[in-house]
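For reference, the structure discussed in these notes is given below.
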Ligand SMILES: Nc1ncnc2c1ncn2[C@@H]1O[C@H](COP(=O)(O)OS(=O)(=O)O)[C@@H](OP(=O)(O)O)[C@H]1O
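In UniProt numbering, the protein residues as written are 1 to 573.
Shown next, in the form of structure tokens:
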């Protein structure tokens with residue numbers, strides 16, 4: 001038998017309301033509907049499947065106040081995280097939200113009806129109090145920022161009736177509801193289970209830590225990673241889940257099970273650790289590992305830790321008797337090369353050599369393609385990480401040329417394309433101004449708005465290609481700083497961006513114009529012609545400035561190649 005859920009009853013609303021499915025679905029169609037955000041969907045899924053037992057809905061004011069001020073629901077039961085449904089004043093009047101009203105909660109991704117909420121109350125939270133009591137009050141804390149910048153001004157409390165499960169299309173076989181994982185444990189005959197929470201890839205240290213925890217408590221292991229929302233900048237859950245799957249066979253036969261948790265983390269340190277423990281108890285675990293700085297967001301911009309390293313462990317310790325799940329505090333594990341084993345940092349005798357690779361060092365090694373030793377991680381895990389983090393030599397990038405018509409940017413762009421093609425290793429895409437005007441922007445003219453649209457389209461395509469590892473060479477006139485800056489920001493989400501200003505003087509561009517386009521513009525036959533009767537803003541911060549009056553195309557291309565080379569992008573070419 002698994003551990004009983006928090007409060008004694010698993011609030012599996014999906015199972016409870018299944019017999020009334022047809023009736024609820026029909027009613028949901030007739031009610032005013034609220035589209036839930038990604039974070040609200042995560043919360044909803046865990047309310048509906050019992051992961052947040054004893055909750056049966058979003059918190060009303062009484063529950064919310066109790067949780068914020070003293071970690072308690074109105075019933076007196078321990079609960080540490082406010083689970084609230086935030087709405088704006090407009091939504092309140094649009095949907096007629098007031099006590100007794102019924103509304104449908106829908107999935108924004110597919111418009112599916114998920115639940116019916118019967119409104120208990122609509123209230124204005126004291127956000128400052130919530131920020132301070134729940135998260136510690138630092139304005140830079142991600143959950144505090146969310147509270148002030150994203151969460152709406154009012155909360156709606158009320159119980160839910162389940163209409164449909166959320167649809168998932170990734171790793172469906174690993175997404176166990178609390179009821180499903182409990183059945184699975186029963187089938188395996190597991191009665192003692194240590195749950196391990198993670199939002200990071202797992203390496204040997206984590207494997208050693210969990211195996212130790214299991215052995216010392218005569219238990220099995222539930223690897224229970226968060227695949228909802230984690231800290232911005234974390235490795236995406238697709239990569240992480242492939243890592244966990246690769247790691248699983250490294251456990252002693254039959255010791256561990258992998259289950260995915262669709263939780264929206266708040267990075268709330270001590271409060272979050274208590275919440276995590278309750279959630280794992282609801283999933284049938286009897287033990288829960290709380291590590292150093294559990295669910296902490298790290299440091300603020302002044303370099304100050306949001307929480308002390310053991311605050312989370314103290315918090316769960318304080319409520320040990322009420323939690324009903326045994327918390328296993330854990331130290332960091334470190335590698336001892338002389339004996340080829342891992343040990344908790346606090347148990348290493350003085351003078352014994354240790355080795356470690358920090359997260360930053362690991363990322364640097366992935367980026368450069370340098371070796372990641374087997375004592376740190378398993379080759380199959382490293383392989384998965386390398387697939388998602390290709391070395392610089394396989395990452396995409398964009399070179400955006402900007403300059404007057406006939407400044408020579410087209411010739412340079414073509415020559416660069418040929419040079420990169422000769423080196424191989426990447427697909428190279430070339431976007432010349434005129435081609436783009438034909439293929440992507442044929443309806444656009446040359447006023448500022450249209451030019452900005454043109455550059456935005458080029459930037460969009462360049463960013464997608466950069467994301468997939470291509471080299472993109474684009475050579476529009478791009479006369480406006482703001483549009484060039486927007487392009488940089490978009491592309492830099494996925495790879496490097498280099499702005500090359502082809503600063504060939506206007507007189508030279510005009511003098512060497514064999515197409516006679518400047519002559520036409522001077523004759524008044526072309527409106528808004530850059531350099532003649534339309535402005536060109538000199539780039540404030542180009543990565544390179546070149547000039548076709550003074551330099552040959554060959555030497556300019558050489559300069560660009562040296563720039564790319566210095567950034568490690570051509571390493572293995
Ligand atoms: N009014 C006006 N102003 C500037 N250029 C003009 C204009 N009308 C036509 N052309 C020709 O259009 C080519 C592509 O312009 P772009 O799309 O690069 O311009 S922009 O970046 O959108 O501002 C550009 O070609 P390249 O010089 O080869 O790039 C121009 O020759």
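The C-beta atom is built at its ideal place from N, Cα and C for all residues, glycine as well.
Small disclaimer: the values here were computed from a predicted structure and weren't measured.
Under the rule that a run must span 3 or more residues, the beta strand (DSSP E) segments found entirely inside the segment 247-314 read 256-258 and 287-290. Shown here, residue 455 sits in a helix according to DSSP, grouped into three states. Rounded to whole angstroms, residue 66 and residue 33 show a C-alpha spacing of 29 Å. Inclusion of residue 433 in the 7 Å shell around ligand 1 follows from its C-beta lying nearer than that to a non-hydrogen atom of the ligand. Following the DSSP letters along the chain, one finds residue 159 inside the beta strand (DSSP E) bounded by residues 154-162.
Residue 494: not part of any beta strand (DSSP E); DSSP gives it neither H nor E. Taking a 10 Å sphere around the C-beta of residue 128, we find fewer than 16 other C-beta atoms and assign the residue as exposed.
Per DSSP, reduced to three states, the secondary structure at residue 197 is strand. Only exposed fits residue 167, as fewer than 16 other CB atoms lie within 10 angstroms of its CB. Beta-bridge partners of residue 333 (DSSP): 344. Between residue 295 and residue 315 the beta-carbon gap is near 11 Å, outside 8 Å, which marks them as no contact. In this structure, the alpha-carbon of residue 568 lies about 6 Å from that of residue 393. A heavy atom of ligand 1 is found nearer than 7 Å to the CB of residue 479. With a cutoff of 8 Å on beta-carbon distance, residue 225 and residue 248 are scored as not near each other. For residue 545, the closest C-alpha among the options 52, 501 and 529 is that of 501. Three or more Cβ pairs drawn from the segment 536-555 and the segment 401-412 lie within less than 8 Å of each other, which places the two stretches in contact. Within the DSSP secondary-structure output, residue 326 pairs in a beta bridge with 287.
For residue 63, the Cβ stays outside the 7 Å cut-off from all heavy atoms of ligand 1. Spatial neighbours of residue 465 in its own chain (CB-CB distance under 7 Å, excluding positions within 5 residues in sequence) are listed in chain order as 396, 429 and 472. Taking C-beta atoms as the reference points, residue 330 and residue 213 count as a pair closer than 8 Å.
By the Cβ-count criterion, residue 276 is buried, with 16 or more other Cβ atoms from all chains shown falling within 10 Å of its own Cβ. For the 8 Å CB-CB criterion, residue 41 and residue 110 do not form a contact. Within the segment 64-150, the alpha helix (DSSP H) runs of at least 4 residues that lie entirely inside it are, in chain order, 89-95, 127-135 and 142-149.
The continuous alpha helix (DSSP H) containing residue 558 extends over residues 553-566. At least one heavy atom of ligand 1 falls within 7 Å of the beta-carbon of residue 446. Rounded to whole angstroms, the gap between the alpha carbons of residue 327 and residue 96 is 44 Å.
Of the residues assessed, residue 150 falls on the exposed side of the cut-off, its CB having fewer than 16 other CB atoms within 10 angstroms. Residue 309 has its Cβ no nearer than 7 Å to any heavy atom of ligand 1.
In this chain, residue 381 is not harboured by any beta strand (DSSP E); it is covered by the alpha helix (DSSP H) spanning 379-388.
Counting every other CB atom within 10 Å of its CB across the protein chains shown gives residue 272 a total of 16 or more, marking it as buried. In this structure the segment 239-254 touches the segment 377-388; the number of beta carbon pairs closer than 8 Å is three or more. Residue environment analysis places residue 161 among the buried positions, since at least 16 neighbouring C-beta atoms fall within 10 angstroms of its C-beta. Secondary structure of residue 536 (DSSP, three-state): coil. With a threshold of 16 other beta carbon atoms within 10 Å, residue 531 meets it and is buried. In chain order, 24, 27, 28, 31, 102, 103, 104, 105, 160, 161 and 163 place their CB closer than 8 Å to the CB of residue 116, counting only its own chain and leaving out the 5 sequence neighbours on each side. In the DSSP annotation of this structure, the continuous segment of the beta strand (DSSP E) that includes residue 221 starts and ends at 220-225.
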